[in-house]
Each structure stands twice: as C-alpha cells, then as structure tokens.
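Just so you know, our numbering puts 139 at position 114 of the sequence shown, and the rest follows in order with no gaps.
Idealized CB from N, CA, C, for every residue including glycine.
Heads up: the structure comes next, in structure tokens.
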Amino acid sequence: MKIKLGVLAVAMPLALTTLTGCNMTDNGSDVPSAGTSTSSDAADAVESVSSGIHDLIGVKGKTSDSRATVTECSGKDPDKYFRVLHPWSFTPTAPSDVETAMQRLRSALPKHGWKIVEYGPDTSRNKNLRLTADNDAKKASVHIIQLAKDNPPMLSVDVVSGCYQVPDGQKVEHF
26 MKIKLGVLAV AMPLALTTLT GCNMTDNGSD VPSAGTSTSS DAADAVESVS SGIHDLIGVK
86 GKTSDSRATV TECSGKDPDK YFRVLHPWSF TPTAPSDVET AMQRLRSALP KHGWKIVEYG
146 PDTSRNKNLR LTADNDAKKA SVHIIQLAKD NPPMLSVDVV SGCYQVPDGQ KVEHF
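In structure tokens form, the structure reads like this:
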C-alpha cells in the first residue's frame, strides 16, 4: 500500500518535533533519553512497539509496508545520538471502521502502559482526529491521525523513540 506523500510530509516533521513528552530524562534536553543501543537494535525495538499498537486496533484492514528510519537528535552529535521513527498507515477493510479503530486505540493504549497526552480534532479543514500517547517503559511515543475524509479513510501512525546513544566506539548507522 502506498503512503500518501502529503501525509508523510506533515506527519514526519510533526512526529519529530511533538513526540517528546515522555518523562524520560536527558539532562535538560527536550528529547527524552532512550538509553544505549545500536541503530539496528533500536529500530527492531520501535518496530516491535508499532506491532503491539497494530494489534490493539482490533479491526480488519491493511497496513502499509514501511520500515523504521534513523533520524538525528536535535542539538546532539549525529555520530553518537539518534532517534528511530517508524511511520505507517492502517486502512480498514470497511471504511466505517476507521472510527472504530481509533476508539479502540484510545481505549486500549492506557491499558497497555501508554499515557494519552493529546486527543482531539486538529485545525485542518477536515478536523482530523489526533491522538498522541507516551510510554515511558517502552521509551516511545505514538502520534495517530484519523484521516476519516480521505479516500479511503485511514489511520496515519508515527512511532518515535527517545534519543539513543550508540555504544562506545560505534557510530550511528543511518537507514
């Protein structure tokens, strides 16, 4: 399934700038610390978090085929620090199920360690419903946009990690 470029153009920078609400600490930085890891191990962990969120949707549909990507931690050495972003979308088999999927996520996420920090319509013409949640234990945040007026209706999901540091003697792998 193709992800609309417009969705990614809006979602990618939004995820990188707004999904920093985790209570993990990083010595005064706006981006929370996620600990030490290699890029590939951190990407696997974030994709696993995405898979868990997908399992909570509870309606049939198709998920875009996307992989996690490594991004920079603002204001930190890009050879030593990184974040992982995993953008994906979910299109329910029945278009009317997009609302059901969003409501199930809103209900299920807190039961699985997520704290909802934002929920409501955005300021776009379509008044897309947005949900942002943080999970301190998983060192991740998720930003979900219900694109009910798109054809077909879908959920745009961005899972982003806190700021990782690579182990001593290693450099960040960018992919």
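CB contact flag (residue i, residue j, <7 Å)
i, j, result
"residue 147", "residue 153", "yes"
"residue 113", "residue 149", "no"
"residue 133", "residue 180", "no"
"residue 183", "residue 199", "no"
"residue 206", "residue 155", "With the chain running from 26 to 200 in the structure shown, residue 206 is simply not present."
Span separating the alpha-carbon of residue i from that of residue j
i, j, result
"residue 158", "residue 193", "31 Å"
"residue 61", "residue 185", "16 Å"
"residue 102", "residue 196", "10 Å"
"residue 50", "residue 58", "Reliability of the predicted coordinates at residue 50 is poor, the pLDDT of 38 falling under 50, and the value obtained from them is presented with this limitation in mind. Whole-angstrom Cα-Cα distance: 6 Å."
"residue 79", "residue 139", "14 Å"
"residue 164", "residue 189", "10 Å"
"residue 85", "residue 94", "26 Å"
"residue 136", "residue 81", "10 Å"
"residue 91", "residue 129", "23 Å"
"residue 120", "residue 145", "20 Å"
"residue 100", "residue 166", "20 Å"
"residue 56", "residue 106", "11 Å"
"residue 104", "residue 122", "43 Å"
"residue 143", "residue 67", "25 Å"
Which of helix, strand or coil DSSP assigns to residue i
i, result
"residue 87", "strand"
"residue 165", "strand"
"residue 143", "strand"
"residue 138", "coil"
"residue 71", "helix"
"residue 60", "strand"
"residue 65", "helix"
"residue 175", "coil"
"residue 193", "coil"
"residue 181", "strand"
"residue 76", "helix"
"residue 188", "strand"
Residue from the options whose Cα sits closest to the Cα of residue i
i, options, result
"residue 111", "103, 155, 64, 104", "64"
"residue 191", "145, 109, 77", "109"
"residue 151", "173, 141, 166, 143", "173"
"residue 177", "83, 68, 87", "87"
"residue 175", "97, 124, 76", "124"
"residue 187", "66, 69, 98, 83", "98"
"residue 116", "71, 83, 77, 131", "83"
Cβ-heavy atom distance, residue i to the ligand NAP, below 6 Å
i, result
"residue 135", "The model on display carries no ligand, and the ligand NAP is accordingly not part of it."
Unbroken stretches of the beta strand (DSSP E), 3 residues or longer, contained in the stretch 89-136: 94-96, 106-117
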